[in-house]
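Enquirer:
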Amino acid sequence: MLDTNYDNDKLTVFLSGEIDHNRAVGLRTAIDGRLTALRPSVLELDFSRVSFMDSSGIGLIMGRYRSIGLMGGELRVTNVPDNLSRIIALSGVNTLGVMK
Amino acid sequence: MKNVQNEMHIKLLSKSTNEAFSRSVISAFVLELDPTIAELADIKTAVSEAVTNSIVHGYRRESGMIYIDAYLTSDRNVIIKIRDRGVGIEDVQRAMQPLYTTAQEEERAGLGFAVMQSFMDSVSVKSAPGKGTTVTLKKRIVALR
Ligand SMILES: Nc1ncnc2c1ncn2[C@@H]1O[C@H](COP(=O)(O)OP(=O)(O)OP(=O)(O)O)[C@@H](O)[C@H]1O
Ligand SMILES: [Mg+2]
Chain A
8 MLDTNYDNDK LTVFLSGEID HNRAVGLRTA IDGRLTALRP SVLELDFSRV
58 SFMDSSGIGL IMGRYRSIGL MGGELRVTNV PDNLSRIIAL SGVNTLGVMK
Chain B
198 MKNVQNEMHI KLLSKSTNEA FSRSVISAFV LELDPTIAEL ADIKTAVSEA
248 VTNSIVHGYR RESGMIYIDA YLTSDRNVII KIRDRGVGIE DVQRAMQPLY
298 TTAQEEERAG LGFAVMQSFM DSVSVKSAPG KGTTVTLKKR IVALR
C-alpha cells in the first residue's frame, strides 16, 4: 500500500495519486508505523506522482514534520509538481526549510 | 439566479470516499465551459475542501446528507453550493481565518477556507449552530483566446 525505500538511514515515501482527507488518514498511520519501526534520521516525502492535493495533504506534511521532529530527524519534501506549488505556498510549508 | 444555462443537483452521504466522487462529478460538469486545466484544478480543490468540511466537521457526530447544487451561467460563471445539515458554525468570521481549526488533533491545518478563497473568485458562508452550513463558491471561467 505504501511505496517506500529505506537506505542509509533515510526513509523515502513515494506518494501518488490524489491526497485528500480519505487518503490522508491511511497514509498517516502507514508512514508513522514505518517511522516508529525504523527511526530514520531523514524522512523524504516524494511528491512526483501526486496529481491532486487539498489541505488534508498539508495536514499530512505538517503532521509528519512533527513526527520525525519528535524523533530528532529531518523532513524533506521533494519533487512537488508545479500544479501543487500554489497550495504549498499558501500553507507556508515552504518556509519550514523542508523543500528540497 | 440569472442566465443559467445548465444545472445539476446531487445529494450524497457524508462518507469520505465521496470527496473524490464529488470532485470528479463537478469537474465533468464544468467541462462544458472549456476551462483550462488550472481552472479545473482550482474548482476541484475548492469543492474538495467544502465537502471534506461537511464530512469531518458538520457531520462529526453523526453522518448525514450533503447537497451539491451547481450552475453554469451564459456569462461563464460556475456557481457551486455545498450544503450540510450538520452541527453548524458559531462564528463564521473566526472559522474563516487562516490556521483556525477546531480539529488540531486530527491533523487539520485550518486552511480549507483560505484555499477556497484563494482558488475561487468568491466564497460565501451561511451557517447556524444546530442547523448546518452552506458554502457558495463562484468562479468565472475565462474564455479561450
Ligand atoms: N461544514 C462545516 N460544519 C461545521 N463546522 C465547519 C464546517 N466547515 C468548517 N467548519 C469549522 O471551521 C473551521 C475552519 O475550517 P477550515 O476548512 O478552514 O479548516 P479545517 O477544516 O479545520 O482544516 P483543513 O481544512 O486545513 O483540513 C473548522 O475547523 C470547523 O471548526
Ligand atoms: Mg477544512
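These protein sequences, in sequence, are chains A and B. Taking the numbering used here, I'd label the letters of the first sequence as residues 8 to 107. Taking the numbering used here, I'd label the letters of the second sequence as residues 198 to 342. Idealized CB from N, CA, C, for every residue including glycine.
The alpha helix (DSSP H) that contains ARG258/B, what's its start and end?
Expert: Careful: ARG258/B lies outside any alpha helix (DSSP H) and carries neither H nor E.
Enquirer: Rounded to whole angstroms, what is the Cα-Cα separation between VAL100/A and PHE54/A?
Expert: Between VAL100/A and PHE54/A, the C-alpha separation is close to 14 Å.
Enquirer: The beta strand (DSSP E) that contains ASN29/A, what's its start and end?
Expert: Per DSSP, ASN29/A belongs to no beta strand (DSSP E); it is in the alpha helix (DSSP H), 28-45.
Enquirer: Measuring from each Cβ to the nearest heavy atom of ligand 2, keep the ones under 5 Å and list them in chain order.
Expert: Residues with a Cβ closer than 5 Å to any heavy atom of ligand 2, in chain order: ASN250/B, GLY309/B.
Enquirer: Between TYR72/A, LEU82/A, ASN29/A, MET8/A, which has its C-alpha nearest VAL253/B's C-alpha?
Expert: The residue with the shortest Cα to Cα distance from VAL253/B is ASN29/A.
Enquirer: Can you find at least 3 beta carbon pairs, one from the segment 39-54 of chain A and one from the segment 291-299 of chain B, that sit closer than 8 Å?
Expert: The segment 39-54 of chain A, when compared against the segment 291-299 of chain B, does not touch it at the 8 Å Cβ threshold.
Enquirer: For GLU51/A, write down the residues that DSSP places opposite it in a beta bridge.
Expert: Answer is THR19/A, ARG83/A, bridged to GLU51/A.
Enquirer: Would you check whether ligand 1 has a heavy atom nearer than 8 Å to the C-beta of ASP239/B?
Expert: Not under cutoff, so the answer is no.
Enquirer: Interface residues of chain A around VAL322/B at Cβ under 8 Å?
Expert: Chain A residues near VAL322/B: none, gap ~16 Å exceeds 8 Å.
Enquirer: Can you determine whether any heavy atom of ligand 1 sits closer than 8 Å to the C-beta of GLY285/B, and answer yes or no?
Expert: Yes.
Enquirer: Closest Cβ-Cβ distance between GLY104/A and chain B: below 9 Å?
Expert: Chain B contact via Cβ: absent.
Enquirer: State the DSSP-derived secondary structure class of ASN200/B, mapped to helix, strand or coil.
Expert: Three-state DSSP puts ASN200/B in coil, outside helix and strand.
Enquirer: With the cut-off set at 9 Å, would you say VAL244/B and ILE279/B are in Cβ contact?
Expert: Yes, they are a contact pair.
Enquirer: I want to know whether the segment 268-284 of chain B touches the segment 214-232 of chain B - three or more CB-CB distances under 8 Å.
Expert: Yes, the segment 268-284 of chain B is in contact with the segment 214-232 of chain B.
Enquirer: Give a yes or no on whether the C-beta atoms belonging to LYS241/B and SER224/B are separated by under 9 Å.
Expert: A contact, by the Cβ cut-off of 9 Å.
Enquirer: Assuming GLY69/A and GLU304/B form a contact by the criterion Cβ under 8 Å, report the distance between their Cβ atoms to the nearest whole angstrom.
Expert: With the sequence shown as reference, residue 69/A is identified as Met, and Gly is not the correct amino acid for it. So it is a contact: roughly 7 Å between Cβ atoms.
Enquirer: Which class does LYS212/B belong to by DSSP, given the choice of helix, strand or coil?
Expert: Correct three-state label for LYS212/B: coil.
Enquirer: Closest Cβ-Cβ distance between SER245/B and chain A: below 9 Å?
Expert: Closer than 9 Å to some Cβ of chain A, the Cβ of SER245/B qualifies, so yes.
Enquirer: What did DSSP end up calling ILE75/A once you bin it into helix, strand or coil?
Expert: In the structure shown, ILE75/A sits in a helix (DSSP, three-state: H, G or I).
Enquirer: Could you name the residues of the same chain whose beta carbon sits closer than 6 Å to that of SER319/B, not counting the 5 residues immediately before and after it, in chain order?
Expert: Closer than 6 Å at Cβ, skipping near neighbours: LYS335.
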